[in-house]
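Protein chains in written order, with my numbering: chain A, 154 to 645; chain B, 16 to 173; chain C, 26 to 521; chain D, 7 to 96; chain E, 1042 to 1154; chain F, 855 to 969. Heads up, the thing below is written out as structure tokens.
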Amino acid sequence: MLAHLPVLQVIVPLLAAPLCLFLTRSRLVWVFALAVSALAFLISCLLLQQVMSSGTIIYELGGWEAPWGIEYRIDPLNALLLLIITGISTIVLLAAHTSIQQEIPEERHTFFYILYLLSLAGMLGIVATGDAFNVFVFLEISSLSGYALIALGKDRRALWAAYQYLIMGTIGATFILIGIGLMYQMTGTLNMEDLSKRLPEVEHTRTVFTAYAFIIVGICLKLALFPLHLWLPNAYAYAPSIVTAFFAATATKVAIYLLIRFTFSVFGLTFSFTALPLQILFLTLGLLGIFAASTAAIYQKNVKHLFAYSSIAQIGYMIVGFSVSTTTGLMATLLHLFNHALMKSALFLALAAVVYRIGSVQLSQFHGLGRQMPFTMAAIVIGGLSLIGVPLTVGFVSKWYLIMAVIENGWWPVAVLILLGSLLAVVYVWRLVEAAYFKPPLPGRDTIKEAPLSLLIPVWILVIANIYFGIDTRLSVQVTQAASMSLFGVSP
Amino acid sequence: MLHTFTLALSLSVFWLINSGHNSVLMLSLAALSITFVLYLAHRMDVVDHESQPVHLTRKLPGYYAWLIKEIILSNILVVKHIWLGNQSISPTLSTIKASQKTDIGKVIYANSITMTPGTITIKLEGDQFLVHALLRESIDDLKKGEMDRRVTQLEDQC
Amino acid sequence: MIISLESMLQLSIILPLLAMLAIVSTGRNPNLRETVSISTSLVVIYFVFNLYLGIKQGENIQVDWWELLPGLQISFNIEPLGMIFALIASFLWLITTVYSIGYMRSHKEQNQTRFYACFAIAIGSVMGIAFSANLFTLFIFYEVLTLSTYPLVTHAGTEDAKRGGRIYLGILLGTSIVFFLLAIISTWFVAGSLDFKPGGVFDPNVNTTVAGVILVLFIFGIGKAAIMPFHRWLPAAMVAPTPVSALLHAVAVVKAGVFTVLKVCVFIFGLDLLAILPSTQFLLYLAGASVLLASLVAMRQDNLKARLAYSTVSQLGYVTIGALLATSAGVIGSSMHIGMHAFGKITLFFCAGAILVAAHKSKISEMQGLGRQMPITMAAFFLASLSIIGVPPAGGTWSKWYLLMGSMEAEQWILMAVLMISSLLNIAYLLPIPFRAFFPARGMPVTDTGIKEAPLPSLIALSITAVGCVILFVYPQPLYELARAILDAPGLAYGK
Amino acid sequence: MLIAAILAVFIVMVIAIVRGFMGPTLYDRILAVNMFGTKTVLLISLLGFMMGRPEFLDIAIVYALINFISVVGVLRYSDSSVFKHHNKQK
Amino acid sequence: MDIFLAAGSSLFLLIGSFLCLSGGLGLLRFPDFYTRMHAVGVTETLATAMILIGLMLQSPDALVLLKLMVILIMTLFISPTASHALAHAALQNNLVPKLNKQNDNEEVTPSNP
Amino acid sequence: MGHYNYWIVVVLMMIGFYIVIAHGNLIKKIIGLGIFQTSVFILYISMANVEGGTAPILAEGISRYSNPLPHVLILTAIVVGIATTALGLALAIRIKQAYGTIEEEEIQKKDNLDC
Ligand code: NA
Ligand code: NA
């Protein structure tokens, strides 16, 4: 059984999804989905432990040897991603039952869990597989279920947001498909490991360059890298709160994973950074993203919008780390990937609690909530502090490494800009704090109570994780370091 | 049960035609998928005499033979008028009375009208069919009621 | 019950934080709540005093909590400079608490529980700052202090208060995140260590340009030291209730700022390196300009608290100058000035608060003749003014003397002149207040308005600190010895 | 003769495209597209025979099925006002 | 025998091609949507049948023959359904047929739904 | 003309992309998206061609086939494409029900009014 973990990781949620149909009651489906996600989490823990102790795991699907068969390949980077996705998914699901009761009509609950598990399976598949075309298939599985999940949102704008996301996402996926096809044409293989060996022989050709360009653009669309981010704010704002919490923490992370996998493993660092002016391009876009999106976040009236723009800004940080293209830089990106997943899931889940009680996430509705929902608002404040990068939260750890990476490269002005970006985060977080704590409650709001425990517990698990991993950084630092070093081909 | 059987039979034949394989593995897969389709069909509640009009089987070949003749004739007529040009046609819209009692009878009649080029059933309301014809004569032919009679006869058999 | 010194160190940080919880949970019962506040501060004073005795006996008190990232530790260590800060802060916390009780109750302020709770966190973080063994630990508590004092500044809840709060938070967080953090990371990157070490952590052959830039980042980044042009938060924070102003301007915030500047100069750069950095001179002039300009601005303020605020900006400049002079006298002078100014300025704010509570006056021009009705308050004001100015019989005399010696030693003649001119300006903007209170200008109607002295707790508090100013003149020995020991190995060789 | 038939079917498909472009109504276009689909089935069958690969018939069957599904799919919504909107634009 | 099959196949294909082209012509030259539908009807019934029968005569084995028959049956079943639904949709959305003027007075004009 | 297949792919891709970007009608966008995806299918299929090879369906007497793998891949991709189209159309219908229009501009106008 242990030997089959890589494939079980994907298969379990994938097969579990249709099984939901046979469970009639919403509560039953929820328990089942939760159990499946928890099992996936357990598997990813075991995988991580296995990878860290005995190196990369290679699993040949159906016993077909690569490159003929499809190979699942788990190295520290994959294991980290799997852990993030399954962990967040499980905690978010914990809150799902209560939250969707308010936001999704009862008869669609089963449908919701099916889509959720499919989306989860898709993301896990993208990460676990070692086959480029398989990546595309899983990408579409997770995206398609994602569009449908977003469309489940209460507001009619959810439909429009899902539609726009569908268009952009499909264009992105198709770009990736073109890139994969061109690579196949040049090398005759789809196995990523094999590709990385054969691409250098043909890397001077225009076709390979075109393939790379298509893949990068496609991924950047999925990634919501500034200025390709336009689909993200509405998708996050109008999706059901649970979906937002799940996607904000995982979807763009998977895209970052793909970016790293393709640039570092498949095409190779030297090719990637010489074929395109990737360094200057990503540095510029990353910084622009940080400032433009943070500034936009300051002016949002809808708190989900606010945090959605903040997500775009945080992607900017990850991209800046990526553009440094050193072990420290990549480590900073991976750390932030891990940490940002914790922050955003905590924040959006807390917003789910707010929606549960007051049915709105307009900033103007937050007045006085600090008194009425003290634990929820405290969670938002701690999540916000983490977003700013205050010490003892996870946000500080990743920012520390990011600035170290930038300074190592001698990019002093960039370091200053990154810190200035954090100031903008202070402003938008503080707008929320002021509204919640320093404004009197709205009239007629005296009866608002704290969110139920079924929401508070998952929120606080994530908040405590934000603090715990901000203090005890051994796990995150070790794993990201191992991942970063293996990507650079340095033995740890 | 009869309907289930005929559906299973037609699915099996369709599968065999498409596959052309007869290894044990393939056949068992076929059995599996056919069973699944039968299950779905039952779940959707579509296995009845409407989807499987087996009761018509005996009389149907004769009707089909007549219908094929009609189709050939009407094809020739339409092609002739295509080549003769637009001056030769007389598009007509008319209501026709159908004498069938069952839904399936009406559908057979309406589809027969549509299948013979030159006439199309546009709307069915009760026993009134709204028919568009390329030529006035086609409507007149329909109104003579031979096709109507034959379909009704078909229906009477059961 | 024997508590180890290490435990006392940790407890003096943790206790105020625990007290915060107790304050929140006893919020319904004001008497119990304030008993918690006062008893905690007494215990903390006890601990700090014991620690003081400990390091006097040459104990090296070191506590390591945990390692956040490889080499980045949260740990504590006591050396004389930190001890000075801890002693002053813990003592003045007690006094301020006593004073606040009188002030807050007679003012019938809202949200008193939040006030005391934040107050407790602030003191806990001040203790953390004082005992930090490295820059990273200090930075954490520095930020906690900023965040915990924000609700204090905006306590009134008015639009004015919020605007002030935004400036306060914006400048302090902004400078600390952009410059201070960058300076810390750069130090880590260049020197490989953030530990406070006698003689500094930088390699003596370090590129002086880089180190110079880092020094500038530090001085700008430590916004709490209020060097111009990053001083705006201090006058903005004036909107806070008077005990908060006392806390901000005398005890916690500004002292944390200049304390950090001193720590960085002495233990990160080291005086030897500091003296040869190209940017030191520039920063000295900047601090000098800050001293002079702030004094000039202070003269033009009619609002008493505003005048005191600008006076603080100017006095903080003294401490910064002392640190940047890179001479032993400068360091002694500036560390003593932390204490002297604390006592003087807290007294002045207590007086300002007392006048506001008792006479409902905040404008200096309205305070003529007030000496008759509030003789104790005005006398205390007078003594404290002397300490700020630096003339006997008040403690400020000693610190200013050492600062002058330091500038002489460093042959900084211009700065010496600046310090002297500024002292003259101090006289000009402080002394007329008590003078006019006792001897109103001719033509001022002296009517009995029924104004009486402030409530007893406030009166006791301001009297104690005023007397403290005098005691520090008469008996500056302990403070001086601590200040002298700073330049020896911290925690060791003290008193020998 | 196979080639002649292929040509004939091909020409009709071109005509269908022409009609599809000309319209003038939405229904003309759907009619043309539908006819294009059914003629594709024929074309595939013919091509299979011409290339000596009658296996192509499988594809033709699939194509016919897809055709059917797409027709049903379009007609499923033929009553909804999605079409009306277009009609008015004409 | 083979020669007869080949000749028959050619004949059927020829007729089918002719019908097909005729239908195409009708699609081009008929005056309105409804009349064009009749032209399409030609290509979808007899023309298709002729071509497929032509192919059946060439089929190398029974399976191919069966498949061709499946295609034929499917086409014959699908096309009237599609035609009817399309015409219905058109009428439903007020697409008025161009009718022969002589008959106008005595014929039913479509009632709006 | 040596790579005419690429030109077809590029032209189709541009057409599809143009429709997606330029048209405000949601259905037309989906059609554009379909064309865009189809161009990629053609890219794969044409790339699988082997000189003189026939369709990769196993049959007696034939030894030279096109590369079957791209065909298999594209079968999957087509399924994905259909799923996308179906979802897109379903969304369009729901949008029509919710907004009363499927024109991008009008939807945006109505959204702005909501705010
Ligand atoms: Na007909
Ligand atoms: Na017909």
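Built from N, CA and C at the ideal position, the CB exists for glycine as well. Every value quoted in this text rests on a predicted model; they were computed, and no experiment measured them.
Look at N54(C) here: in three-state DSSP terms it is coil, with no helix or strand label. About 22 Å separates the Cβ atoms of A277(C) and V88(C), ruling out a contact at the 8 Å cut-off. D284(A) is bridged by DSSP to N344(A).
Contact annotation for M1078(E) against chain B: I135 [CB-CB distance below 7 Å, chain order].
Under DSSP, E92(C) forms a beta bridge with Q98(C). Here the stretch 393–409 of chain C makes contact with the stretch 355–375 of chain C; the two share three or more CB pairs at distances below 8 Å. Residue range Q143 to A148 is occupied by the beta strand (DSSP E) that includes F144(B), with no alpha helix (DSSP H) assigned at that position. Two segments are said to touch when three or more pairs of C-beta atoms, one from each, lie closer than 8 Å; by this definition the stretch 305–320 of chain A does not touch the stretch 281–291 of chain A. For the stretch 1102–1117 of chain E, the set of positions with a beta-carbon nearer than 8 Å to some beta-carbon of chain D reads V1105, K1108, L1109, V1111, I1112, M1115 and T1116 in chain order. Interface flag for M56(D) against chain E is unset, since no Cβ pair is found closer than 7 Å. Nearest in C-alpha terms to A1103(E), of all of D156(B), N90(B) and N33(B), is N33(B). R351(A) carries a helical assignment under DSSP once its states are collapsed to helix, strand and coil. Contact check for V264(C) and V178(C): beta-carbon distance about 7 Å, within the 8 Å limit, so the pair qualifies.
With a cutoff of 7 Å on beta-carbon distance, Y470(A) and A446(A) are scored as not near each other. For T51(C), same chain residues with a beta-carbon under 7 Å away, outside a window of 5 residues either side, are L57, R58 and V61 in chain order. Exclusion of the five residues before and after P611(A) leaves I244, V245, L247, A248 and L502 as the residues of its chain whose Cβ lies within less than 8 Å of its Cβ. With a 10 Å radius around the Cβ and a threshold of 16 neighbouring Cβ atoms, G563(A) comes out exposed. Across the structure, A1128(E) and L55(B) are spaced so that their CA atoms are roughly 31 Å apart. In the three-state scheme derived from DSSP, where H, G and I count as helix and E and B as strand, S109(B) is classed as strand. When Cβ pairs closer than 8 Å are counted between the two stretches, the stretch 510–523 of chain A is seen to touch the stretch 588–597 of chain A, the count reaching three or more.
The Cβ-Cβ distance between G54(D) and L63(D) falls below 7 Å. Going by DSSP, E140(B) is part of no alpha helix (DSSP H) but of the beta strand (DSSP E) stretching over T134 to E140. Contact between the stretch 204–215 of chain A and the stretch 224–235 of chain A is present: three or more C-beta pairs spanning the two stretches fall below 8 Å. Distance check between P254(C) and each of C494(C), S270(C), S339(C) and S304(C) places S339(C) closest, using alpha-carbon atoms only. Taking 7 Å as the CB threshold, G1095(E) stays off the interface with chain B.
Our two residues, T397(A) and I899(F), have alpha carbons roughly 38 Å apart in a direct line. Here A940(F) is exposed, its C-beta having fewer than 16 other C-beta atoms within 10 Å. Considering only beta carbons, no part of the stretch 7–31 of chain D lies closer than 7 Å to chain F. DSSP places I227(A) in the uninterrupted beta strand (DSSP E) bounded by E224 to I227. Judged by beta-carbon spacing, G26(D) lies within the 7 Å limit of V39(D), meaning their Cβ atoms are closer than that value.
Minimum Cα-Cα distance from G915(F) among the listed residues G79(D), G58(D) and I50(D) corresponds to G58(D). Excluding five sequence positions before and after S478(A), the CB atoms of its chain that fall closer than 7 Å to its own CB belong to L422, F426 and Q432, given in chain order.
Its chain contains L106, I109, L287, A508 and I511 as the residues whose beta carbon lies nearer than 7 Å to that of S360(C), once the 5 sequence neighbours on both sides are disregarded; these appear in chain order. Between the C-alpha atoms of I27(C) and E436(C) there is a straight-line separation of about 50 Å. A residue is called buried once 16 or more other Cβ atoms fall within 10 Å of its Cβ, and Q137(C) is buried on that count.
Counting only the Cα atoms, T110(B) lies some 13 Å from G160(B).
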